[in-house]
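Data first, discussion second: the structure below is written as structure tokens.
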Amino acid sequence: MEAADVVVSLREVAGGPELLELADAHGGIWLVGGAVRDLLLGRSPGELDVVVDGDVGEVAGRLGEPVLHERFGTATVQGNGFTIDLAAPRSESYPAPGALPEVAPAKVAEDIERRDFTINAIAVRLPGGEVLADPRALADLQSGTLRVLHPGSFEDDPTRVWRMARYAGRLGFRPDDETAALAAQAGPGQTSGERIGNELRLILAEDDPSAALEALAEYCPQALPAGFSCRPERLAPALELLPADGRRDLLVLAACVAAMDTATLQRWLDDLAFPAADRDLVVASSRWVTGEPLRAAQGRAAVLRAARGAPVEAVALAGGENAALWLEELRHLELEIGGDDLIAAGLEPGPQVGAALERALEAKAEGRCSGREEELAAALEGAGGTGE
């Protein structure tokens, strides 16, 4: 596909017709970055990045109800199945390695030179199709080459190493020799753990996160902690077992960090600003990688006991027939009775109520009871502390 064909392809993309209609009226609209790259590769972009010659807020308002980001002079518009990010053309300078950039107004030609890689340093004016690009951009896109625009790129923004790995995993591209050498020397600088964590979370959301993680380990191994495995043996079968209501991204991470000790893992996830619930799920699930005691459980009641309280991600990672049984059937098992029924039948309130309900659930799992009356009898069998 030629760069001029981007305009034609854009008409078939969610948000494309709206953007082209706006460009017809405004005249100073450029499609830039990853959206151009993906269209040239015959892929559908996840979002549309636009550079605007003019008032970003006013232009964004013509597309919908924008969310404005005044510090960087940008805006985001969410529409029916699309996201459009708008920005004024700008240059960036970095006061310190890894610090957030200071921005200044610039021309579109300067704006594309602040991009992370040459394959993203392409702008197409809408609706006419005029192209501005780094001189190496189209050739690198054709050859599948990831190339930084200048030697200080990773020093300016160390998160670009993570993006390089993400592009490598998603597109099958490889860095040129100079970029690979620069990545091998890259450190975090002053980049916050939260920004690094955001990049990891983006990788985990990829169709094949292991491919991106393997690229990161190959080109910048210091970015990952000791004990991190990019494509662990248990991952593929666990993903096959994971139900639709499970967190695929967190299961992938749990499998990758299973060899890390608990305290180190918790600190690392905290440093990367993982939400507490996500951190706890990853830590808990990663401890199940051995599969025990679930794999050793004999009988449906024993499987129910072994998986009690575990997240679905942990059980999927444990794997085996018992995991499949619990995920597909036993976890959905419910009683028709509740604690109030047991108390009404004479059982004293307290922990024995929960134990009795568990006893009834295990009996139901094994087919030894069905319906309210039989469940109640199974729950009360052997229970002490009745008030009768």
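The numbering of the sequence shown is this note's numbering, which starts it at 29 and goes up by one. Glycine included, every Cβ here is placed at the ideal spot set by N, Cα and C. Just so it is clear, the structure is predicted and the values come from calculations on it, not from any experiment.
Residues near residue i by beta carbon distance below 6 Å, same chain, minus five either side
| i | result |
| --- | --- |
| A334 | P321, L322, A325 |
| D204 | T173, R175 |
| D81 | G56 |
| V310 | L278, L281, A282 |
| C258 | S238, L241, E242, A245 |
| A193 | A240, A243, L244 |
| E417 | Given a span of 29 to 416 for the chain in the structure shown, any question on residue 417 remains unanswerable. |
8 Å Cβ cutoff met for residue i and residue j
| i | j | result |
| --- | --- | --- |
| P125 | D184 | yes |
| G92 | Q106 | yes |
| I150 | V95 | no |
| D277 | A233 | yes |
| W296 | I231 | no |
| V280 | P237 | yes |
| G255 | A287 | yes |
| V131 | G101 | yes |
| T146 | A165 | yes |
| R223 | T187 | yes |
| Q294 | R307 | yes |
| D139 | R118 | yes |
Reference residue i; option with closest CA among the options
| i | options | result |
| --- | --- | --- |
| A116 | T187, G109, V84 | V84 |
| A240 | G399, G197, W316 | G197 |
| P73 | D168, A42, E30, L267 | A42 |
| V317 | N226, F201, M192, A283 | A283 |
| H97 | G109, F110, L114 | L114 |
| A212 | I224, G200, A245 | A245 |
| T104 | R118, E120, V87 | V87 |
| Q250 | D277, L279, G215, R229 | G215 |
| A411 | S314, T187, A383 | A383 |
| V60 | H54, L50, I112 | I112 |
| E30 | N226, I140, Q170 | Q170 |
| N148 | P265, G217, L199, N108 | L199 |
| V159 | R400, S119, D168, A137 | A137 |
| A330 | N350, A338, A312, G378 | N350 |
| F110 | E46, V152, L67 | E46 |
| D168 | L68, L50, D235, C248 | L68 |
| R142 | S121, A127, L128, V152 | S121 |
| Y247 | Q218, Y195, L269 | Y195 |
Three-way DSSP call (helix, strand, coil) for residue i in this model
| i | result |
| --- | --- |
| V84 | helix |
| M113 | For clarity, residue 113 is Asp in the given sequence; the question names Met instead. In the structure shown, D113 sits in a strand (DSSP, three-state: E or B). |
| L160 | strand |
| A103 | strand |
| L345 | helix |
| L96 | strand |
| N226 | helix |
| T290 | helix |
| A272 | coil |
| R396 | coil |
| R188 | helix |
| R90 | helix |
| G221 | helix |
| G382 | helix |
| E403 | helix |
| P249 | helix |
| A212 | helix |
| E138 | helix |
| A325 | coil |
| S314 | helix |
In DSSP terms, what residue i is bridged to
| i | result |
| --- | --- |
| R202 | T173 |
| A132 | S119 |
| W58 | V79, R153 |
| F182 | Partner(s): none; F182 has no beta bridge. |
| F145 | V176 |
8 Å Cβ shell around residue i - same chain, five flanking residues per side excluded
| i | result |
| --- | --- |
| L48 | V35, L38, R39, L154, P155 |
| L332 | W354, L358, L361, L389, E390, A393 |
| L267 | R276, L279, V280, A344 |
| A406 | R387, A388, A391, K392, R396, C397 |
Sequence-distant residues of the same chain with beta carbon closer than 7 Å to residue i, five excluded per side
| i | result |
| --- | --- |
| G274 | V340, E341, A344 |
| N373 | Residue identity differs from the one stated: residue 373 is Ala in this sequence, not Asn. Excluding sequence neighbours, A373 sits near L404, L408. |
| G319 | A346, G347, G348 |
| L363 | L385, A388, L389, K392, E403 |
| G225 | L300, A301, F302 |
| R400 | E364, I365 |
| G221 | D299, L300, A301 |
| G415 | Because the pLDDT at G415 is just 42, under 50, the model does not fix this residue reliably, and the value given afterwards should be weighed accordingly. The residues are G374, E376. |
Contact test: residue i Cβ vs the ligand GTP heavy atom, cutoff 7 Å
| i | result |
| --- | --- |
| A344 | Looking for the ligand GTP in the displayed structure turns up nothing, as the structure carries no ligands at all. |
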